[in-house]
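Counting from 3, one number per residue, gives the positions in the sequence shown under the working numbering.
A virtual CB, placed ideally from N, CA and C, is assigned to each residue, including glycine.
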Amino acid sequence: MLKKNIKVFCCFSAIILVLSSCATVPSVNTSYNIKELDLNQYSNTSDYHYIMAFTYFYNNNIKEGIKEYELFLKDNPKKHFFIEFVNLLIRFQDFNKAQEVLQTAIEKYPKDNQLYLLLSDIYVIQKQYQKAIDVLVKSGIKTFDVYKNIAILYAQIGNINNAINYLMQARQFADKGEVYFYISQIYYKFNLDNNALNYLQMSASYKYPKAYIALGDLYTQQNNYNKALKYYENFLKLPNKNKEEEVYVYSALASIYYSIDKDLKKAIEYYKKAYNLDKSQVNLERLSYLLLQNKNYKETVDLLSNNPDVEQSSTLRYFLGVAYFSLKNYKQALLELSNVDFASDLYTDAQAKKALCYLELKEPQKAIEAIQKAIELNPNEELYKTYFYILNQQKDWNGLIDALKQSTKIIKDKEKIYFYLADVYYNKKHDKQKTIHFLNEALRINPNDPEVLNYLGYLYIDENIDVKAGIDMVKKALKLQPNNPYYLDSLGWGYFKEKRFKLAQYYLERANRLLKKPESTIALHLAKVYEVLGYKSKAKKIAIEVLKREPHNETAKKIIKVLK
């Protein structure tokens with residue numbers, strides 16, 4: 003890699019300070035006019051060309067500055083000046099000149115390793131890989147890093163044999179585990195996966211940390227999570243681990259436990275370890291997200307409420323707001339959610355959550371305004387669902403109908419919207435014609451939706467619109483879901499309407515048996531069948547059980563009254 007010579011910038015700053023004191027009109031925002039500078043005091047010194055070079059550089063006259071620095075080097079051919087000049091040339095992107103200067107420096111200082119390494123780096127920048135190799139070989143430097151770099155460069159030009167050969171020679175300078183790891187990477191570059199895997203495993207056998215991580219990553223990509231966990235966990239048992247690698251492994255383990263095993267507690271445990279080692283904003287966001295997923299709301303508040311990172315992160319602001327909301331601290335939630343930045347991906351989600359806060363604080367108008375603003379900025383299905391919820395809670399049926407109709411421009415699943423509209427019209431507005439219209443609209447999109455078929459069929463049966471047509475629709479729904487207790491109830495009720503009481507009894511008994519918990523309407527349908535069939539005690543028993551659950555159920559009261 004290129005070496006950054008901080009001295010360049012220090013010298014440059016020092017020269018600027020000198021020049022600022024000599025300028026006729028001292029102003030840090032004014033370029034220096036060379037003619038106005040009093041440089042006569044330096045004209046007979048070796049510093050003259052050096053100062054002139056930086057003066058030109060400061061005025062962005064790079065060409066003249068380079069000329070002046072070359073003149074300075076003739077009188078001052080010291081190594082550190084060569085390196086300073088090269089670093090300046092790199093900064094000015096004049097790589098050819100930098101090569102030329104370094105070659106001159108190497109002729110003068112043929113045993114200086116730094117010069118060879120710098121020249122090699124410049125060739126790499128220019129993608130002259132063979133020249134970079136030649137320089138490193140010529141340098142005669144015998145270290146693992148140099149041999150490794152030569153190998154990588156050979157791999158870059160497609161010469162796998164020389165690449166492997168240099169790494170094999172590098173075993174004399176480094177731990178075999180490290181060498182075998184880089185050999186594996188060369189093989190991977192050439193898609194020789196079996197060879198690569200063998201060398202990775204050999205590297206791991208020498209307890210080289212990067213090999214454990216690479217194997218963990220490899221098996222994760224192959225969805226072999228048991229092996230991935232094994233290598234990641236074995237890495238954690240190694241002594242003297244690199245902190246960044248340890249954080250990476252903790253995060254990788256957390257990701258597997260969260261995404262694959264759905265083990266939130268384990269995932270949180272590992273993200274906590276990652277965050278304890280590296281208290282970065284990213285790690286804090288990951289940990290906070292998992293804590294929220296696990297409903298650890300108080301712990302999320304404790305983690306974030308006094309954390310300075312929250313002020314810099316809209317994501318953390320949002321998470322903290324959600325935690326406060328879940329703890330029913332709606333005012334504090336509003337405060338945090340209001341500070342989510344407009345540019346954040348979570349801005350509209352924050353607006354939706356704010357709307358729910360206002361709803362809980364009994365400020366419905368603000369709730370509606372907040373959700374409408376969010377929809378205006380980013381109309382999507384989730385925001386509309388929140389809007390529907392707010393309007394439903396407010397019993398604003400006209401507003402809900404308008405919102406549902408508006409949402410058909412955005413929500414792709416229009417069938418479900420039409421179904422919801424039908425339900426509102428039937429149960430809230432008591433408008434049968436509109437109900438039937440929207441149910442038919444839903445069936446036009448999907449003629450085989452069992453839920454819609456059953457709803458419309460039951461409506462035809464219960465309202466005596468067309469019992470036979472209703473039964474046919476319910477039968478179609480039952481072909482799609484034969485054991486749905488609600489559809490069985492509709493069919494049984496249809497047969498009751500047709501006075502086919504034994505068939506009604508059969509389907510209604512099945513419906514009641516299949517229910518996970520008692521449903522009063524379905525139970526009372528069966529009670530009515532029992533009543534007409536003369537099973538009075540059975541009918542009365544059902545009605546009494548319904549009244550225990552619903553003391554004000556009028557249908558149950560009527561059955562008991564009739565049976566007295």
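Selection from the options that minimises the alpha carbon distance to residue i
i: Asp311; options: Gln507, Ile392, Ser282 and Val324; result: Ser282
i: Lys481; options: Leu455, Asn466 and Ile463; result: Leu455
i: Glu102; options: Asn442, Phe183, Leu155 and Ile68; result: Ile68
i: Val548; options: Leu526, Ser315 and Lys300; result: Leu526
i: Asn555; options: Lys566, Ser539, Leu255 and Glu521; result: Glu521
i: Ser205; options: Val181, Tyr221, Ile188 and Val564; result: Val181
i: Phe94; options: Glu66, Lys113 and Pro112; result: Glu66
i: Asn331; options: Tyr299, Ala352 and Lys264; result: Tyr299
i: Asp343; options: Ala352, Ala335 and Tyr250; result: Ala352
i: Gln334; options: Leu423, Phe321 and Thr222; result: Phe321
i: Tyr509; options: Lys499, Lys519, Thr523 and Pro487; result: Pro487
i: Lys239; options: Thr317, Tyr190 and Ile215; result: Ile215
i: Phe59; options: Phe84, Asp77, Leu90 and Gln174; result: Leu90
i: Pro449; options: Ala479, Ser290, Asn151 and Gln105; result: Ala479
i: Ala213; options: Leu348, Leu194, Tyr273 and Tyr233; result: Tyr233
i: Gln408; options: Gln314, Asn382, Ala369 and Leu231; result: Asn382
Exposed unless 16 or more other CB atoms sit within 10 angstroms - verdict on residue i
i: His82; result: exposed
i: Ile546; result: exposed
i: Ala354; result: buried
i: Val564; result: exposed
i: Ala558; result: buried
i: Gly323; result: buried
i: Val30; result: Here Val30 scores only 30 on pLDDT, less than 50, and its place in the model is too uncertain to base an answer on.
i: Arg551; result: exposed
i: Arg319; result: buried
i: Pro211; result: buried
i: Ile561; result: buried
i: Asp451; result: buried
i: Arg446; result: exposed
i: Lys566; result: exposed
i: Ile463; result: buried
i: Ala376; result: buried
i: Arg288; result: buried
i: Asp123; result: buried
i: Thr145; result: exposed
i: Leu293; result: buried
i: Lys129; result: exposed
i: Leu379; result: exposed
i: Tyr34; result: With a pLDDT of 40 at Tyr34, under the threshold of 50, the modelled position of that residue is not reliable, and the figure given next carries that caveat. Under this definition Tyr34 is a buried residue.
i: Ala345; result: exposed
i: Ser261; result: exposed
i: Ile467; result: exposed
i: Ile412; result: exposed
Element boundaries [alpha helix (DSSP H), containing residue i]
i: Thr410; result: Counting along the chain, Thr410 falls outside any alpha helix (DSSP H), and DSSP gives it neither H nor E.
i: Ala213; result: Pro211 to Gln223
i: His527; result: Ser522 to Leu535
i: Arg512; result: Phe503 to Leu516
i: Ala369; result: Pro366 to Leu379
i: Ile438; result: Lys434 to Ile447
i: Gln283; result: Gln283 to Gln295
i: Ser539; result: Lys538 to Arg551
i: Asp351; result: Tyr349 to Glu362
i: Pro487; result: Pro487 to Lys499
i: Val324; result: Ser316 to Ser328
i: Ala345; result: It is not in any alpha helix (DSSP H) - Ala345 carries neither H nor E in the DSSP assignment.
i: Lys274; result: Leu266 to Leu279
i: Pro310; result: Counting along the chain, Pro310 falls outside any alpha helix (DSSP H), and DSSP gives it neither H nor E.
i: Lys243; result: Per DSSP, Lys243 belongs to no alpha helix (DSSP H) and is neither H nor E.
i: Phe237; result: Tyr227 to Leu238
i: Leu565; result: Glu556 to Leu565
i: Gln203; result: Asp195 to Ser207
i: Gln334; result: Tyr332 to Leu339
i: Glu465; result: Where Glu465 is concerned, there is no enclosing alpha helix (DSSP H), given that its DSSP letter is neither H nor E.
i: Lys481; result: Val469 to Leu482
i: Asn1; result: For the chain, the structure presents residues 3 to 566; residue 1 sits outside this window and is missing.
i: Asn394; result: Glu383 to Gln395
Any chain C beta carbon closer than 8 Å to residue i
i: Lys478; result: Although the question refers to chain C, the structure presented lacks it and comprises just one protein chain.
Query - Every unbroken alpha helix (DSSP H) within the region 114-180, with a cutoff of 4 residues, ordered by chain - result: 115-127, 131-141, 146-158 and 162-171
Query raised in the report: Hey, which unbroken runs of the alpha helix (DSSP H) at 4 residues or more fall wholly within the region 58-119?
Result: 64-77, 81-93 and 97-110
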